[in-house]
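Residue numbers (full-length UniProt numbering): 1 to 513.
Think of the CB as a built atom: it goes at the ideal place given N, C-alpha and C, for glycine as much as any other residue.
Here the structure is a predicted model, which means the values were calculated and not measured.
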C-alpha cells in the first residue's frame, strides 16, 4: 500500500499509521531500553532476545547457514526470518531452524556487546508517593546514611532514570552524540543507524538538547567512551562540558567527522569526512582505538593597556571561545572566515551545501587578496613567546596572517608547520607536548599550503602574549570575530583524553543487518 508509514530506528519494523493499533492487539513491544525500578525478578538481571518477524533479511541463518529468500515485502506477506534487534542473530521462520528455547534464552548483545549499555543498567525512577504517612516517615529519618547520600539524591532529583553499571574490564560503554546539522542529511542518517546497533538511550541528538544531562547521568559508568558525530566545533562543545563537570577520569572522545574542515578528526586518523562507512566498523574502531592526549589552550583577553580609552576602536571585546583545541589565528584567513559567517547569517538558504561553501570561501579569499585588507597586519601587532619578542621578524617579513597551531592540520587538511626534518631549532609537531607552534604567512605561502607548502616557522612555546593596536579579524577553532585592540594571553589549560583510530584491525565482526 502507498499509505503513510513509520519505521522504528531501534527495531526496524515498518507500520502503516492506520495499523499502529494492531501492535497493541498482538502485544508487540519495541526492544526494552531500561528496566522498571523496584523490580527484583531474576529475569531483570540479564537481557533477553528481542525477536522480530522479518519479510526481508540479509545474511545467513544461524542454525542452517543458508541465506534468506528475498521477496518484495509489498507483494508477499510471508515471514522469511526471525531476528533479534539486540544481537542481530537471524533464523529461518521454520521449526527446524528457530526453536522454542531461543525465545527465553539470554541475549549476548552480539558483536558490539562491549560498547552497548545494557537495558538492565538503566533504571526508571519511581515517582515518590505524596501521602501524609510517607512524608511523616521521611521527616523522621535523619540517619547518617541519608545525610551522606543527600548530595546524590539532589543530583538525581527530577531525572526519570538512574544508571547502575556493573563494572567489567571487558566493557567500554559508549555514549554517542550526533549533531544532525553537520554534514547535510548525514547527521540524521547516522543517528538512526546508531540507534539500531546500540541502546537508543545511549545515543543523543544534540539538536534537541546539549550533552550535559547525558554526561551527568553516565558520569559514574567505568571505562566510558564518547563518540562525537559532527564537526570540530561539536567536539569542542563536548570537551568544554567535560571540563565543567570535572569527571574523573575524563572519558576519552572519538570523532566521526560530519563537518567541513574536520582538522582534529584528520589528526586523530578519523578522516576528513564521513563516507558512508558501516556503523559496525566505526564501533569497532572506537572500541579498539588508542587513548591519546590533546593539549588545550586558554585565551585570556583584556583591553590593550597601552591605548587610552578614547582611542579604542569598534569591535568585539571578547573572543567567541575562551579555549581552543586546534588553532587560533589573526589576519587574512580570519577575515575570509568572518565574511563567510556574516554572509551565511544574513542568507542561510544560500549556504546549504559544501560545494557552495567552498566556492564562497574561494571568492572571498580572492576579493580580500585584491583589496589587500590584511597587508598592514604586521604594523599593528606585538607577539612575545616565552619572553622572546617576535615582532621585529614579523614586521621584517610583513606577514598577513599569524597562526598559533596546536595540531598538525589546518584549513581542511593542510600542514602549515610541515616537517622540520634536520632543522635544529625546531622539533616535529605534537598535539600532546605542551607546546604551541607559531607560524607566519604571506599571501604566497598561504597559497602554497594547498600544494604541500608550509608557513614561516617562528617559535615553539608554552606561553604567548599578543598585543593588538587596531581592530583585527581573528578566529578560534573556526569561530571568527573582529576583536577590538586587546591584550591576549595564551597558556596551557589541560589535556583531554581522545581516541585515536588504529590504522589496522585484525578482524571485523559479521552481522546480519
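Inter-residue Cα distance where the pair is residue i and residue j
{"i": "residue 502", "j": "residue 288", "result": "7 Å"}
{"i": "residue 179", "j": "residue 257", "result": "10 Å"}
{"i": "residue 388", "j": "residue 483", "result": "24 Å"}
{"i": "residue 232", "j": "residue 262", "result": "6 Å"}
{"i": "residue 169", "j": "residue 319", "result": "42 Å"}
{"i": "residue 19", "j": "residue 28", "result": "12 Å"}
{"i": "residue 432", "j": "residue 498", "result": "11 Å"}
{"i": "residue 265", "j": "residue 325", "result": "12 Å"}
{"i": "residue 137", "j": "residue 125", "result": "Confidence in residue 137 is poor, its pLDDT being 47 and thus under 50, which makes the residue's placement unreliable; the coordinate value appears in the next sentence. Straight-line Cα distance between these residues: approximately 20 Å."}
{"i": "residue 171", "j": "residue 113", "result": "8 Å"}
{"i": "residue 304", "j": "residue 469", "result": "7 Å"}
{"i": "residue 243", "j": "residue 226", "result": "14 Å"}
{"i": "residue 133", "j": "residue 127", "result": "For residue 133, the predicted model reports a pLDDT of 46, less than 50, meaning its position is unreliable; a value from the coordinates is still stated below. Spanning the two alpha carbons is a distance of roughly 16 Å."}
{"i": "residue 442", "j": "residue 491", "result": "26 Å"}
{"i": "residue 234", "j": "residue 228", "result": "7 Å"}
{"i": "residue 193", "j": "residue 159", "result": "26 Å"}
{"i": "residue 401", "j": "residue 416", "result": "12 Å"}
{"i": "residue 115", "j": "residue 206", "result": "20 Å"}
{"i": "residue 196", "j": "residue 12", "result": "7 Å"}
{"i": "residue 61", "j": "residue 338", "result": "56 Å"}
{"i": "residue 365", "j": "residue 426", "result": "Any reading at residue 365 is ruled out, since the residue's pLDDT is 48, under 50, leaving its predicted position unreliable."}
{"i": "residue 14", "j": "residue 286", "result": "30 Å"}
{"i": "residue 252", "j": "residue 500", "result": "9 Å"}
{"i": "residue 17", "j": "residue 8", "result": "12 Å"}
{"i": "residue 496", "j": "residue 322", "result": "16 Å"}
{"i": "residue 105", "j": "residue 278", "result": "29 Å"}
{"i": "residue 412", "j": "residue 451", "result": "13 Å"}
{"i": "residue 584", "j": "residue 215", "result": "Past the boundaries of the shown model lies residue 584; the chain is included only from 1 to 513, so the question cannot be answered."}
{"i": "residue 270", "j": "residue 165", "result": "29 Å"}
{"i": "residue 3", "j": "residue 90", "result": "29 Å"}
{"i": "residue 461", "j": "residue 52", "result": "60 Å"}
{"i": "residue 471", "j": "residue 393", "result": "21 Å"}
{"i": "residue 390", "j": "residue 248", "result": "39 Å"}
{"i": "residue 383", "j": "residue 464", "result": "7 Å"}
{"i": "residue 26", "j": "residue 276", "result": "36 Å"}
{"i": "residue 5", "j": "residue 187", "result": "22 Å"}
{"i": "residue 255", "j": "residue 308", "result": "46 Å"}
{"i": "residue 336", "j": "residue 447", "result": "14 Å"}
Start-to-end residues for the alpha helix (DSSP H) that takes in residue i
{"i": "residue 490", "result": "Taken as a continuous stretch (DSSP letters only), residue 490 belongs to no alpha helix (DSSP H), being part of the beta strand (DSSP E) at 486–500."}
{"i": "residue 194", "result": "186–197"}
{"i": "residue 267", "result": "263–267"}
{"i": "residue 449", "result": "Here residue 449 belongs to no alpha helix (DSSP H), and DSSP marks it neither H nor E."}
{"i": "residue 217", "result": "212–217"}
For residue i, the residue or residues it bridges with in DSSP
{"i": "residue 51", "result": "84"}
{"i": "residue 90", "result": "83"}
{"i": "residue 7", "result": "14"}
{"i": "residue 468", "result": "381"}
{"i": "residue 515", "result": "In the structure displayed, the chain extends from 1 to 513; residue 515 sits before or after that span and is not available."}
{"i": "residue 474", "result": "330, 481"}
{"i": "residue 60", "result": "67"}
{"i": "residue 106", "result": "48"}
{"i": "residue 115", "result": "None; residue 115 has no bridge partner."}
{"i": "residue 35", "result": "123"}
{"i": "residue 257", "result": "230"}
{"i": "residue 390", "result": "Its beta-bridge partners do not exist; DSSP assigns none."}
{"i": "residue 225", "result": "174"}
{"i": "residue 24", "result": "DSSP, once it has assigned bridges, lists no residue as partnering residue 24."}
{"i": "residue 456", "result": "440"}
Beta strand (DSSP E) segment containing residue i, residue limits
{"i": "residue 97", "result": "No beta strand (DSSP E) contains residue 97, which DSSP labels as neither H nor E."}
{"i": "residue 329", "result": "327–331"}
{"i": "residue 233", "result": "Looking at the DSSP string, residue 233 is not in any beta strand (DSSP E); the run it does join, the alpha helix (DSSP H), is 232–245."}
{"i": "residue 124", "result": "122–124"}
{"i": "residue 526", "result": "Within the shown structure, residues of the chain are numbered from 1 to 513, placing residue 526 beyond reach of any answer."}
{"i": "residue 290", "result": "290–303"}
{"i": "residue 174", "result": "174–178"}
{"i": "residue 161", "result": "161–163"}
{"i": "residue 404", "result": "401–405"}
Cβ distance (whole Å) where residue i is taken to contact residue j below 8 Å
{"i": "residue 478", "j": "residue 456", "result": "23 Å between Cβ atoms; not a contact."}
{"i": "residue 494", "j": "residue 201", "result": "That belief does not hold up - the Cβ atoms of residue 494 and residue 201 are roughly 30 Å apart, past 8 Å."}
{"i": "residue 94", "j": "residue 110", "result": "That belief does not hold up - the Cβ atoms of residue 94 and residue 110 are roughly 22 Å apart, past 8 Å."}
{"i": "residue 224", "j": "residue 175", "result": "7 Å"}
{"i": "residue 327", "j": "residue 404", "result": "6 Å"}
{"i": "residue 54", "j": "residue 81", "result": "4 Å"}
{"i": "residue 79", "j": "residue 121", "result": "That pair is no contact at about 32 Å."}
{"i": "residue 107", "j": "residue 35", "result": "So it is not a contact: roughly 14 Å between Cβ atoms."}
{"i": "residue 83", "j": "residue 57", "result": "6 Å"}
Closer than 7 Å: residue i CB and nearest the ligand FAD heavy atom
{"i": "residue 59", "result": "The ligand FAD is absent from the structure shown, which contains no ligands of any kind."}
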